[in-house]
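Asks:
In this note's numbering, the protein residues as written are 1 to 439.
#1: Can you give me the start and stop residues for the beta strand (DSSP E) that residue 85 sits inside?
#2: Excluding the 5 residues flanking residue 30 on each side, which residues of the same chain have their C-beta closer than 7 Å to its C-beta?
#3: Helix, strand or coil for residue 296, going by three-state DSSP, please let me know.
#4: Ends of the beta strand (DSSP E) at residue 407?
#5: I need the straight-line Cα distance from residue 181 to residue 93, nearest angstrom please.
#6: With a CB to CB cut of under 6 Å and the five nearest residues on each side skipped, what residues in its chain are close to residue 19?
#7: Express the C-alpha separation of residue 399 and residue 409 in angstroms, rounding to a whole number.
#8: Would the beta-carbon of residue 50 fall within 8 Å of that of residue 225?
#9: Under a three-way DSSP split, which group does residue 309 fall into?
#10: So what's residue 394 in DSSP terms, helix, strand or just coil?
#11: In the DSSP assignment, the alpha helix (DSSP H) including residue 117 goes from what residue to what residue?
#12: Roughly how many whole angstroms lie between the Cα atoms of residue 285 and residue 173?
#13: Using a 10 Å radius around the Cβ and a threshold of 16 neighbouring Cβ atoms, would you call residue 64 buried or exposed?
#14: So, under 8 Å CB-CB, residue 292 and residue 247 are touching, yes? Tell me the CB distance rounded to an integer number of Å.
#15: Checking contacts by CB at 8 Å: is residue 268 closer than that to chain D?
#16: DSSP on residue 248, reduced to helix/strand/coil?
#17: Identify the residues that DSSP records as bridge partners of residue 262: which are they?
#18: Could you check where the alpha helix (DSSP H) with residue 177 kicks off and where it finishes?
#19: Taking only three categories from DSSP, how would you classify residue 449?
#20: Could you name the residues that DSSP lists as bridge partners for residue 257?
#21: How far does the beta strand (DSSP E) with residue 143 in it reach, from first residue to last?
#22: Just list the alpha helix (DSSP H) runs in the segment 148-175, keeping only unbroken ones of 4 residues or longer that don't cross its boundaries, in chain order.
#23: Return the Cβ separation of residue 132 and residue 261 in integer angstroms, given the expectation that the two are a contact with Cβ distance under 8 Å.
#24: Given residue 128, which residues of its chain have a CB within under 8 Å of its CB, disregarding the five upstream and five downstream residues?
#25: Can you give me the C-alpha to C-alpha distance between residue 371 and residue 250, rounded to a whole angstrom?
#26: Does the count of Cβ pairs from the segment 325-342 and the segment 73-92 closer than 8 Å reach three?
#27: Can you pull the DSSP bridge partners for residue 223?
#28: Can you round the beta-carbon distance between residue 338 and residue 280 to whole angstroms, since I take them to be within the 8 Å contact cut?
#29: Count the C-beta pairs between the segment 346-363 and the segment 21-29 that are closer than 8 Å, then say yes if the count reaches three, no if not.
#30: For residue 289, name the three-state secondary structure that DSSP assigns.
#31: Would you report the Cα separation of residue 139 and residue 121, rounded to the nearest angstrom?
#32: Taking 7 Å as the limit between beta carbons, can you name the residues of its chain near residue 79, skipping five residues before and five after?
#33: Between the C-alpha atoms of residue 16 and residue 169, what's the straight-line distance to the nearest angstrom?
#34: Determine the burial state of residue 311: buried for a count of at least 16 other Cβ atoms within 10 Å of its Cβ, exposed for fewer.
#35: Determine, using beta carbons only, whether residue 332 and residue 340 come nearer to each other than 8 Å.
#36: How would you write the range of the beta strand (DSSP E) that residue 343 sits in, first residue to last?
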């Protein structure tokens with residue numbers, strides 16, 4: 001099971017249909033309740049099998065390439081689902097008697113049950129016909145979902161459902177016919193209809209994800225066996241940031257630590273979030289914000305980007321950071337294959353302790369070659385002390401000075417930054433002048 005670390009999910013803003021800027025929100029245009037439930041399940045349960053991930057990706061690609069449109073009416077689906085969810089008797093004669101009573105009550109009172117039965121059967125007929133019209137041409141197209149199309153068509157061609165599909169919904173149905181289908185659909189055919197409804201939810205999600213990939217210019221990652229311990233991407237960018245800049249990334253067991261430096265506002269945190277989000281989406285088999293990507297299947301993802309103090313537990317910001325690093329260390333030491341990301345380690349303490357802590361922790365993590373690590377810091381002196389570690393890559397987010405004003409290209413470069421613009425930004429904002437006016 002892929003480790004769904006709560007803090008990581010929140011820091012990367014993965015879940016939440018109505019949460020502003022969430023990754024889930026990119027794909028939330030599903031049209032049905034069943035589609036929404038399936039999408040939520042996929043988001044909460046990334047896959048851990050390379051074959052399964054690549055298979056799911058190929059299904060999304062198929063729907064995207066075929067440019068399929070969702071053919072079903074959601075109101076009809078809702079009526080059909082309510083109809084099928086209503087219990088019916090196990091005795092055919094008793095079902096007929098109950099139907100007759102409902103019709104009688106409908107004629108002498110305002111009882112709506114007979115009308116709802118009629119509407120439910122009509123909605124079922126309409127939906128099954130649309131389903132057959134949808135799958136019939138797709139059965140003939142070779143693709144990763146062809147067996148599913150064939151299975152659904154086979155169910156729709158069973159004599160009972162084929163006969164049902166031929167009924168004219170615009171003519172009044174005899175009570176006996178209505179009761180027979182009430183008995184049949186909620187009894188012997190119940191599992192088949194549940195499978196068809198599940199198929200419709202799958203179609204809803206597949207079309208939505210494919211449409212999102214096309215609209216956002218996302219591509220699909222290739223999953224590799226976990227033993228390869230590889231993460232390689234071209235043009236990787238943050239999927240929720242408009243006009244985001246793409247960056248290239250290459251990590252493996254022989255180069256498993258990315259040591260990232262750069263000035264404040266240079267884009268280090270956004271890059272780390274972009275890597276984490278795309279890594280998570282890739283494990284779902286979803287399209288990712290890259291030109292191309294290959295990755296070894298992992299057992300989880302840990303991030304420490306926006307660690308806050310915890311007043312309830314009496315934790316200071318620094319202690320909360322220490323607790324978080326300890327959690328990550330325990331996870332790495334357990335032998336699991338993980339991606340772990342730390343943004344500005346130990347920023348809640350003094351510079352000397354932050355230097356010593358960042359150096360010691362990075363050196364320690366570097367020895368776990370079955371994991372991938374990304375560590376960012378603005379304490380650039382740590383980089384010089386890590387040069388003896390051959391498996392550490394040194395990269396930075398540059399700052400370009402235009403006069404006295406910094407510009408950030410958000411494009412990764414090799415090496416360790418020499419940028420120190422903190423005091424310049426303070427000066428540019430006029431803080432010192434404002435303080436001087438007080439004297």
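Virtual Cβ for every residue (Gly too), placed ideally from N, Cα, C.
Replies: With the given structure in hand:
#1: One-based indexing of the chain shown puts residue 85 at position 85. That residue, residue 85, is in no beta strand (DSSP E); its alpha helix (DSSP H) goes 74-85.
#2: Numbered from 1 along the chain shown, position 30 holds the residue referred to as residue 30. The residues are 36, 39, 204, 205 and 208.
#3: Within the chain shown, the letter at position 296 stands for residue 296. Residue 296: strand per DSSP, three-state reduction.
#4: In the chain shown, the residue the question calls residue 407 occupies position 407. 405-407 is the extent of the beta strand (DSSP E) around residue 407.
#5: Position 181 of the chain shown, counting from 1, holds the residue named residue 181. Position 93 of the chain shown, counting from 1, holds the residue named residue 93. In a straight line, the C-alpha of residue 181 is about 13 Å away from that of residue 93.
#6: Within the chain shown, numbered from 1, the residue matching residue 19 stands at position 19. So the list is empty, once near-sequence residues are dropped.
#7: Walking along the chain shown from the start, residue 409 turns up at place 409. Walking along the chain shown from the start, residue 399 turns up at place 399. Distance between the alpha carbons of residue 409 and residue 399: 7 Å.
#8: Position 50 of the chain shown holds residue 50. Position 225 of the chain shown holds residue 225. Closer than 8 Å, so yes.
#9: Along the chain shown, one-based indexing puts residue 309 at 309. In this prediction, residue 309 has a pLDDT of 44, which is less than 50 and means its spatial position is unreliable; what the coordinates show is noted afterwards. In this structure, residue 309 counts as coil in the three-state DSSP scheme.
#10: Here residue 394 is taken as the residue at index 394 of the chain shown, counted from 1. Strand at residue 394.
#11: In the chain shown, the residue the question calls residue 117 occupies position 117. Counting along the chain, the alpha helix (DSSP H) containing residue 117 begins and ends at 113-138.
#12: Here residue 285 refers to the residue found at position 285 when the chain shown is read from its first residue. Here residue 173 refers to the residue found at position 173 when the chain shown is read from its first residue. In a straight line, the C-alpha of residue 285 is about 46 Å away from that of residue 173.
#13: Along the chain shown, one-based indexing puts residue 64 at 64. That one is buried.
#14: In the chain shown, the residue the question calls residue 292 occupies position 292. In the chain shown, the residue the question calls residue 247 occupies position 247. Incorrect: roughly 13 Å between the Cβ atoms, too far for contact.
#15: No chain D appears in this structure, which consists of one protein chain only.
#16: In the chain shown, residue 248 corresponds to position 248, counting from 1. Looking at residue 248 - three-state DSSP - the assignment turns out to be strand.
#17: Walking along the chain shown from the start, residue 262 turns up at place 262. The partner list for residue 262 (beta bridge, DSSP) reads 397.
#18: Taking the chain shown and counting its residues from 1, one reaches residue 177 at position 177. First-last of the alpha helix (DSSP H) with residue 177: 175-185.
#19: The chain is shown only over 1 to 439; residue 449 falls outside these bounds and no answer can be derived.
#20: Translated into positions along the chain shown, residue 257 becomes position 257. BP columns for residue 257 point to 373 and 392.
#21: Here residue 143 refers to the residue found at position 143 of the chain shown. No beta strand (DSSP E) contains residue 143, which DSSP labels as neither H nor E.
#22: 159-165
#23: By 1-based counting over the chain shown, the position of residue 132 is 132. By 1-based counting over the chain shown, the position of residue 261 is 261. Distance from residue 132 to residue 261 at the Cβ level is roughly 60 Å; contact not present, criterion being Cβ atoms closer than 8 Å.
#24: Translated into positions along the chain shown, residue 128 becomes position 128. Cβ within range, chain order: 156, 161, 164, 165 and 196.
#25: The residue you call residue 371 lines up with position 371 of the chain shown. The residue you call residue 250 lines up with position 250 of the chain shown. Taking the straight line joining both Cα atoms gives about 14 Å.
#26: no
#27: For this step, residue 223 is matched to residue 223 along the chain shown. DSSP output for residue 223 lists 295 as bridge partner(s).
#28: Counted from its first residue, the chain shown places residue 338 at position 338. Counted from its first residue, the chain shown places residue 280 at position 280. With a Cβ gap of about 12 Å, residue 338 and residue 280 do not count as contacting.
#29: no
#30: Taking the chain shown and counting its residues from 1, one reaches residue 289 at position 289. DSSP places residue 289 in coil when its eight states are reduced to three.
#31: On the chain shown, residue 139 is found 139 positions in, with the first residue counted as 1. On the chain shown, residue 121 is found 121 positions in, with the first residue counted as 1. Whole-angstrom Cα-Cα distance: 26 Å.
#32: Taking the first residue of the chain shown as 1, we reach residue 79 at position 79. Once the five neighbours on either side are set aside, the close Cβ partners of residue 79 are 119, 120 and 123.
#33: As a position in the chain shown, residue 16 is number 16, starting the count at 1. As a position in the chain shown, residue 169 is number 169, starting the count at 1. Going from the Cα of residue 16 to the Cα of residue 169 covers about 40 Å.
#34: Looking up residue 311 in the chain shown gives position 311. A caution first: residue 311 carries a pLDDT of 46, below 50, which makes its placement in the model too unreliable to give a value.
#35: Taking the first residue of the chain shown as 1, we reach residue 332 at position 332. Taking the first residue of the chain shown as 1, we reach residue 340 at position 340. Cβ distance < 8 Å, so residue 332 and residue 340 count as in contact.
#36: Counting from one through the chain shown, the residue named residue 343 turns up at place 343. Where residue 343 is concerned, the enclosing beta strand (DSSP E) stretches over 338-343.
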